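Below is one structure, written out as structure tokens; the observations come after it.
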Amino acid sequence: MSRWFAVVPLVVLVALSALFIGWSLKRDPGVKPDALVGQPVPETVLPLLEGAQAGTRNLDLKTAGVGRPMLINVFASWCAPCRAEHPKLMALKDRGIAVVGVAWKDDPADTRVFLDELGDPFAMVLVDREGRAGLDLGITGAPETFAVDAQGRVVAKFAGPLLEDAEIERLVAAMQAPPRPLPTAAKR
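Taking this note's numbering, the leading residue of the sequence shown gets 10, the next gets one more, and so forth.
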């Protein structure tokens, strides 16, 4: 009988592990908490990419849009999904939509080679070699894209490569939508 008491915790552990693995496999990884949506863009100061190096000029991520709506795209030269979404970013540039690139955990020389090879869809590229902006934005990996309104507030987010036109249009519409009015008290 005492042998069964030794086996029961092991059986329970295996059962809980199976439940966790099953839950993880059913969960949609594209649906992540969007904690930053509705919040101001973090005040993260990063150097601008100048040529093939991090330049001497720094810019605050929050002011990169200069009072205009923008998309912030976190990417890297080593990221295969970033390469896949690149034509969609080029199409956004052709439409006149400002996209600010954040080269996340990437060597500036590699970033330059990537952009020279595929084209540069970005209004500017900020170098996030240590991953500071990635932490401030709460990303889980590259690529991730944030829609920012003219007031500097994150209004939508997409984790993963932008490949679907409907998802791109959702981000573009969100960043250009007029601000919602504040709720008012009921009239008496």
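Backbone N, C-alpha and C fix where the C-beta goes; we use that ideal spot for every residue, glycine too. Just so you know, these numbers come straight off a predicted model, no measurement behind them.
Hey, how far is the Cα of residue i from the Cα of residue j?
i	j	result
A85	P170	12 Å
M79	Q62	24 Å
V40	E59	Because the pLDDT of V40 is 41, which lies under 50, any placement of that residue in the model is unreliable, and the number read from its coordinates should be weighed accordingly. Straight-line Cα distance between these residues: approximately 35 Å.
D115	V23	40 Å
V181	T65	31 Å
E126	A168	24 Å
E52	V75	13 Å
L146	V50	8 Å
A165	A112	20 Å
Go ahead and label residue i buried or exposed: buried means 16 or more other beta carbons lie within 10 angstroms of its beta carbon, across all protein chains shown.
i	result
N67	exposed
A89	exposed
D174	exposed
L19	exposed
P16	Note on residue identity: the sequence assigns Val, not Pro, to residue 16. With fewer than 16 other Cβ atoms within 10 Å, it is exposed.
V163	buried
A44	exposed
D158	buried
T72	exposed
A118	exposed
D137	buried
R104	exposed
Could you give the first and the last residue of the continuous beta strand (DSSP E) run that contains residue i?
i	result
T120	Run containing T120: none in the beta strand (DSSP E); it sits in the alpha helix (DSSP H), P117 to L127.
T154	E153 to V157
A165	V163 to A168
P56	V54 to E59
In this structure, how does DSSP classify residue i when only helix, strand and coil are distinguished?
i	result
V40	Caution applies to V40, whose pLDDT of 41 falls short of 50 and renders its modelled position unreliable; the value that the coordinates give is listed next. Of the three classes helix, strand and coil, the one that applies to V40 here is coil, per DSSP.
D174	helix
P96	helix
T72	helix
R77	coil
P18	helix
R179	helix
P90	helix
Q48	coil
K114	coil
Q185	helix
State the start and end residues of the unbroken alpha helix (DSSP H) segment that holds residue i.
i	result
L146	R141 to L146
Please confirm if residue i has its CB atom under 7 Å from at least one CB of chain B.
i	result
V17	The structure shown contains no chain B; it holds only a single protein chain.
> Taking contact to mean at least 3 C-beta pairs separated by less than 8 Å, is the segment 121-131 in contact with the segment 94-102?
Replying inline: For the pair of segments examined, the segment 121-131 was found to touch the segment 94-102: the number of CB pairs separated by less than 8 Å reaches three.
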